[in-house]
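Mature numbering (1 follows the signal peptide of the UniProt record, and there is no 0) puts the sequence shown at residues -23 to -1, 1 to 500. All C-beta atoms in this analysis are idealised placements derived from N, C-alpha and C, irrespective of residue type, glycine included. This one's a predicted model, so the numbers in the text were calculated from it and none came from an experiment. First the structure, in the form of structure tokens, and then the observations on it.
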Amino acid sequence: MTLNKLTKAIILATLGLPLVASAASVVPNDQTNSFSGLDPWMMISKDLGYSWEAYTDSSQNNFPGSTYAMIAAKDELAIISQPYDPNSTYRGGEKVRFLGYYWTAQWWVDQGISPSTDPVWKQGDKVNFNIYSEFQFTPYTGQQAVDLQNSEKKKVKAQRKVIGYFPEWGVYEAHNFFTPDKVNYKGLSHLNYGFAVVKNGVVTMHDTAQAPDLMRTLEKLTEKNNVTFMLSVGGWDNSQEGAFEAATSSDEGIEKLADSMVKYVHDWKFDGLDIDWEYPDNETEKNQFTKLVKSLRSKLDAQGRKDDKYYQLSAAVTTNHKNVKYINPAVTAEYLDSINVMAYDIHGAFDPITGHNAPLFANKKDADQKLNVAGAMREYAEVWQIPKDKLMMGVPYYGRGWGSVPSTQIEPGLPGLFAPGDASVKGAWDDVGQYTGTNPWYVLKAKLASGEYKRYWDSQSRVPYLYSSSKQEFLTYDDPQSIREKVDYIKQQGFGGAIIWDISGDTPEHELGNIVDDILTAK
């Protein structure tokens, strides 16, 4: 799409931009999707001057697809401000652009109180951007578009991955207000935004109050830190509502859902899509899941050719060896860039006896000797012959708990393990009225430090747990020792990397993340 001069003039005038640009040796190249002549004294806009970012390195010099790019002299006020939005509220100190001037909020500003109409806004300098160049880039076509897709796909395949899930609800109190600025971006290759949900056959926002700002902020921060930004659709609650089964019950429904997913990815500037259908568990759902994966891969490729981009596709999948066949891995693996094995929630208060949330190996007392992390990874790699570089192993930053657990030593030296228990322990991450004893690592660390619990180590399963004989509480979790062993296992076995559920569970110092990121730097 090429904007005509009148359309651009109207938009630029609205944003308070001058219509006359100064000359500079900044030259666009549509074949390379870049400009020559950029330097750190410049700034870039990809949204017609709505927002600007300082140019700091060559990774920003990439304008794929139909990007309309503007290059201007660096202006700090422009970078920290945006056009006034009557539907937004503002905190004291925030700056906006309005009617050709910068304005600063003196204190809290409610919706609809515009600059120039109320003393809450203080008028500042005139907006006067010095625009060097602007250009409408166009997508590659023909063989060049195909070659780009193939080249990018090979790069994704060769990449070691640490995929961190960012929970949309993490910004609330139960997760210690885990906002985008708290993410350890240097320890991630991918950040998966969880979740958008399936409703009435299409994908939509879950938390409409938080999602828009979160997605915009995370998109900018992941791009700045060279982290792939993925949209994860579904999740446990949405899956248990039967949303996927209903949406994919017909071929028309599959196409409708896939179209909505790809549109959502494109519109919100994600780099790919993660399917979190928990879980297909019969032949009918197996066929529906397979068709959905194939349709998504085709549609993402078509969108990618328009955008000069390769959109990644992954799926979060079961650890239960009895149900692996229902994701049809022999067929679907070809279409997926990564298969994210959710190697946690293996045991919890949904079981009548205690066990480990994410045992690396089986304990000889386990009723199912294949239901463990290593067993699940072997199932995919050996039974189903999935290439190891496509397999991502789950690493939990949380644990689960039981109450009413006697100190019985069914396994010598390990009181409470495999003993009866119930769902009577309230966890920091439990929903209202829920008692699953779900706690993040930082809470479990504090519980151990309190002296009320004792740490035990299962040398067979290679994971710890906490037990309090006075409280009769059993808390299964992972700590730095078990995380280190899991990271070493991933590297030794040659798997593609790890997925983290979820990154808000780490300490502010990224105690666990600083171990997992070894995957990215391993020789």
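Per-residue burial, residue i [other beta carbons within 10 Å of its own, 16 or more giving buried]
i           : result
residue 149 : exposed
residue 94  : exposed
residue 199 : buried
residue 118 : exposed
residue 74  : buried
residue 185 : exposed
residue 22  : buried
residue 53  : exposed
residue 154 : exposed
residue 481 : buried
residue 4   : exposed
residue 6   : exposed
residue 413 : buried
residue 89  : exposed
residue 24  : exposed
residue 66  : exposed
residue 132 : exposed
residue 177 : exposed
Span separating the alpha-carbon of residue i from that of residue j
i           : j           : result
residue 19  : residue 478 : 39 Å
residue 327 : residue 396 : 14 Å
residue 316 : residue 304 : 10 Å
residue 180 : residue 349 : 32 Å
residue 576 : residue 311 : A query on residue 576 cannot be resolved here, the shown segment of the chain reaching from -23 to 500 and no further.
residue 294 : residue 36  : 33 Å
residue 265 : residue 105 : 55 Å
residue 431 : residue 207 : 39 Å
residue 211 : residue 401 : 28 Å
residue -5  : residue 84  : Here residue -5 scores only 41 on pLDDT, less than 50, and its place in the model should not be relied on; the value that follows carries that caveat. The alpha-carbon atoms of residue -5 and residue 84 are separated by roughly 33 Å.
residue 189 : residue 87  : 19 Å
residue 60  : residue 143 : 28 Å
residue 410 : residue 259 : 31 Å
residue 171 : residue 209 : 5 Å
residue 182 : residue 428 : 43 Å
residue 127 : residue 353 : 30 Å
residue 267 : residue 355 : 22 Å
residue 27  : residue 58  : 9 Å
residue 379 : residue 320 : 20 Å
residue 371 : residue 446 : 30 Å
Proximity winner among the options, relative to residue i (alpha-carbon distances)
i           : options            : result
residue 283 : 306, 243, 267      : 243
residue 512 : 56, 483, 473, 445  : Outside the modelled stretch of the chain, which goes from -23 to 500, sits residue 512, for which no answer is possible.
residue 166 : 192, 172, 177, 134 : 134
residue 462 : 486, 437, 444      : 437
residue 97  : 325, 474, 87, 82   : 82
residue 441 : 373, 125, 92, 15   : 373
residue 269 : 227, 296, 130      : 227
residue 388 : 332, 380, 426      : 332
residue 2   : 48, 391, 44        : 48
residue 100 : 488, 77, 342       : 77
residue 345 : 324, 197, 236      : 324
residue 500 : 486, 469, 476, 487 : 469
residue 193 : 237, 205, 224, 247 : 247
residue 318 : 277, 274, 256, 271 : 256
residue 8   : 71, 121, 109, 110  : 121
Close Cβ partners of residue i (< 8 Å) along its chain, the five nearest in sequence each way excluded
i           : result
residue 41  : 10, 114, 116, 284, 285, 286
residue 123 : 282
residue 92  : 61, 73, 75, 76, 78, 80, 98, 100
residue 492 : 457, 460, 461, 464
Residues that residue i bridges to, as DSSP identifies them
i           : result
residue 112 : 46
residue 202 : In DSSP, residue 202 forms no bridge with anything.
residue 315 : 291
residue 150 : None; residue 150 has no bridge partner.
residue 492 : Its beta-bridge partners do not exist; DSSP assigns none.
residue 450 : 445
residue 356 : In DSSP, residue 356 forms no bridge with anything.
residue 485 : Bridge partners of residue 485: none, in fact.
residue 249 : 207, 289
residue 139 : 475
Contact set for residue i: own chain, Cβ-Cβ below 6 Å, skip 5 residues either direction
i           : result
residue -2  : Bear in mind that the predicted position of residue -2 carries a pLDDT of just 46, short of 50, making it unreliable; the figure below should be weighed with that in mind. Same-chain partners within the cutoff: 107.
residue 347 : 298
residue 164 : 490, 494
residue 385 : 396
residue 50  : 107
residue 15  : 32, 38
residue 147 : 155, 481
Close-in-space but distant-in-sequence residues of the same chain around residue i (CB under 7 Å, 5 per side omitted)
i           : result
residue 497 : 137, 139, 166
residue 221 : 175, 211, 254
residue 39  : 10, 11
residue 340 : 388, 435, 437, 438
Residue i Cβ short of 7 Å to the ligand ADP heavy atom set
i          : result
residue 61 : In terms of ligand content, the structure shown is empty, and the ligand ADP therefore cannot be addressed.
Proximity test, Cβ basis, 8 Å: residue i and chain D
i           : result
residue 461 : No chain D is part of this structure, which consists of one protein chain only.
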